Amino acid sequence: MNYLMLVGAALVGTVLSAFLSCIPALHIYNVAALLVILAVKVRGLVPDEALAMFMLGLVVGYAVLNTIPSIFLGAPDESTIFVVLPGQKYLMERRGFEAAVLTGIGALGGLLILLLLAPILPTVLPIVRRVVGPHLHWILGAVILFMLMSEWPKGSDRGSTRLARFFDAWRSVGAGLLTFLLSGVLGFVLFYGNLVPTEMAFQNLMPAFVGLFALPWVLQNIVSRACVPDQYVAGSLDLSPRLIVRGVGAGALGGLFAAFFPVVTGGIGGFLAGHATAQRDDRLFILSQGTSKLIYYVGAFVFFFVPGVHLTRGGMAWMLSVLYSPRTPAIYWVTIAAMLISGGLAFLMLLWLSRGAIRLVTRIDYRWISAATLLVLVALVYLLTGWGGLLIALIAMGIGLMPVMWGARRMNCMGVLLVPLVLRLAGHGTTVASWLGLV
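According to this note's numbering, the sequence shown is numbered sequentially starting from 32.
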């Protein structure tokens, strides 16, 4: 086995992912799924280990670089939704480049955390898995409960009557609860039904996520008449070592939680860690989300290579497990080395591609970019999932617009995964699905 060739395969994946990550709302998992189908058809042409490292490069590049469309083009996915509000604030303050670099530094911190954990993961991970496994349903249920309880009323308390003030205060809370409920029902429909072509069933959730997260944001950009100011490319950051440690530490807590627990995304993990560590600084917030996102994506994939564990978490590990299973402990350390080198390359490309994004958004009307993004999204959904996928995306968009219009958290849209999975883990999934007429 040529280890240098494997690292090279990871670097090729990183370079490809760098450019794919700049396409608004194109998730690297969708591209990886198509590559897995191709690999099945030409099985044996590419060594399994090389394919595994190539996919590692894809996920590392995406974890570092999907910040660019999130900040500059405003089409976030479910794991970057928390970066967008502070990131957009920085963008309108002419500091979009600074926001991108902050997330990149957070990602480098995430790589360092995974490197420090690498020697103990083979010992610790099986213990954690054995202890936590029987309790997944109520732990995830507690996460849901905290998410919903933390949706605090945001009213102005200026209504002319008590009833008016009551409805004003509970408008956002009600929208959040309804969003979570409706997205959960949509999740049941997707889990127990199939509206997309059978050969593309692995993309069943793709149109839902596009509709819940990407389409509402793009439509908001089109109607908001936003004008992006000229951006300032700073030569330094107002960032102390103490601030970096705090941000990376908080992001690591959230990222590790999200990487280990199923369907908990980097955004949710970062949200929990932010509350646990009482973050109030925008720099801390953006930095920690960069760390959380990196560990969520890359950590979940690295867990698959841990000797004696081979934990399948995250879409990339799940897809790779169809074709490949790590055979020797040596491949684990090759994975760690390739992860670090790919992460360093991705950070350098982040600096370069962010400058390109700045030239784009300051020279072309933001609404035209958003309109083009909308066309790309619709085309991707149709090409990958057909008319059934477009129907799912349209329904999901209606749900995803609720938090936009009434000021609730978009994180509530994650009910699409959390509700059906928690009920299935608790043994009640089929019962609820039968109530809904799905089985």
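We treat Cβ as the ideally placed atom computed from N, Cα and C, and that holds for glycine.
All of these numbers come straight from a predicted model, not from anything done at the bench.
Inter-residue CB distance, residue i and residue j (contact presumed, cutoff 8 Å)
i: Leu87; j: Thr366; result: 6 Å
i: Gln234; j: Ala64; result: 6 Å
i: Ala388; j: Ile99; result: 5 Å
i: Thr416; j: Pro247; result: No, Thr416 and Pro247 are not in contact; Cβ-Cβ is about 19 Å, not under 8 Å.
i: Gly346; j: Ser323; result: Between Ser323 and Gly346 the Cβ distance is about 17 Å, and since that is not below 8 Å, they are no contact.
i: Ser101; j: Ile253; result: Incorrect: roughly 17 Å between the Cβ atoms, too far for contact.
i: Gly141; j: Gly282; result: 7 Å
i: Ile326; j: Leu139; result: Wrong, their Cβ atoms sit about 12 Å apart, outside the cutoff.
i: Ser549; j: Asn443; result: Any answer about residue 549 is impossible in this case: the structure gives the chain only from 32 up to 470.
i: Leu371; j: Arg160; result: Going by Cβ atoms, the distance from Leu371 to Arg160 rounds to 25 Å, so no, they are not a contact pair.
i: Cys258; j: Tyr121; result: Going by Cβ atoms, the distance from Cys258 to Tyr121 rounds to 16 Å, so no, they are not a contact pair.
i: Pro55; j: Val407; result: 7 Å
i: Thr404; j: Leu104; result: 6 Å
i: Leu384; j: Ala130; result: With a Cβ gap of about 14 Å, Leu384 and Ala130 do not count as contacting.
i: Phe219; j: Leu35; result: Their Cβ separation, rounded to whole angstroms, is 48 Å, which puts Phe219 and Leu35 out of contact at 8 Å.
i: Gly224; j: Leu454; result: Wrong, their Cβ atoms sit about 16 Å apart, outside the cutoff.
i: Leu208; j: Leu179; result: 6 Å
i: Arg390; j: Pro260; result: About 14 Å; that fails the 8 Å criterion.
Beta-carbon proximity check, residue i vs residue j, cutoff 9 Å
i: Phe334; j: Val340; result: yes
i: Leu206; j: Gly438; result: Per the sequence shown, residue 206 should be read as Ala rather than Leu. In this structure, Gly438 lies closer than 9 Å to Ala206 by Cβ.
i: Leu37; j: Ile59; result: no
i: Ile395; j: Leu268; result: no
i: Leu147; j: Ser373; result: no
i: Phe198; j: Ala464; result: no
i: Val77; j: Thr45; result: no
i: Val241; j: Ala427; result: yes
i: Phe177; j: Val450; result: no
i: Gln251; j: Val412; result: no
i: Gly297; j: Gly286; result: yes
i: Gly127; j: Gln320; result: no
i: Phe244; j: Arg441; result: yes
i: Leu226; j: Leu382; result: no
i: Leu351; j: Val67; result: yes
i: Ala377; j: Leu47; result: no
i: Val6; j: Leu194; result: Residue 6 lies beyond the residue range present for the chain, which begins at 32 and ends at 470; the question has no answer from this structure.
i: His306; j: Ser181; result: yes
i: Val447; j: Leu217; result: yes
i: Arg386; j: Val249; result: no
i: Ala149; j: Trp399; result: no
Three-state class that DSSP yields for residue i in the structure shown
i: Leu449; result: helix
i: Val365; result: helix
i: Tyr263; result: coil
i: Cys444; result: helix
i: Thr111; result: Confidence at Thr111 is low in this model, with a pLDDT of 48, below 50, so its placement is unreliable and the value that follows should be read with caution. Three-state result, Thr111: coil.
i: Pro165; result: helix
i: Asn252; result: helix
i: Ser214; result: helix
i: Ala106; result: Only weak support is given to the placement of Ala106: the predicted model assigns it a pLDDT of 47, under 50, and the value that follows is read from those uncertain coordinates. The answer is coil: DSSP assigns Ala106 none of H, G, I, E or B.
i: Ala439; result: coil
i: Phe219; result: helix
i: Ser271; result: coil
i: Gly297; result: helix
i: Trp399; result: helix
i: Ile54; result: coil
i: Pro360; result: helix
i: Thr192; result: coil
i: Phe292; result: coil
i: Ser352; result: helix
i: Glu124; result: coil
i: Arg344; result: coil
i: Leu35; result: helix
i: Trp29; result: Since the displayed the chain opens at 32 and closes at 470, residue 29 lies outside it and no answer follows.
i: Trp418; result: helix
i: Gly224; result: coil
i: Phe336; result: coil
i: Ile151; result: coil
i: Leu467; result: coil
i: Glu182; result: coil
i: Gly458; result: coil
i: Asp312; result: coil
Contact test: residue i Cβ vs the ligand GTP heavy atom, cutoff 8 Å
i: Ala138; result: In the structure on display, the ligand GTP does not appear, and there are no ligands present to speak of.
(message) Under 8 Å: do the stretch 311-318 and the stretch 64-82 share three or more Cβ pairs, one atom per stretch?
(response) no
(message) Counting beta carbon pairs with one atom in the stretch 165-172 and one in the stretch 341-361, are three or more of them shorter than 8 Å?
(response) no
(message) Quick test of the definition: if touching needs 3 or more C-beta pairs under 8 Å, does the stretch 290-297 touch the stretch 427-434?
(response) no
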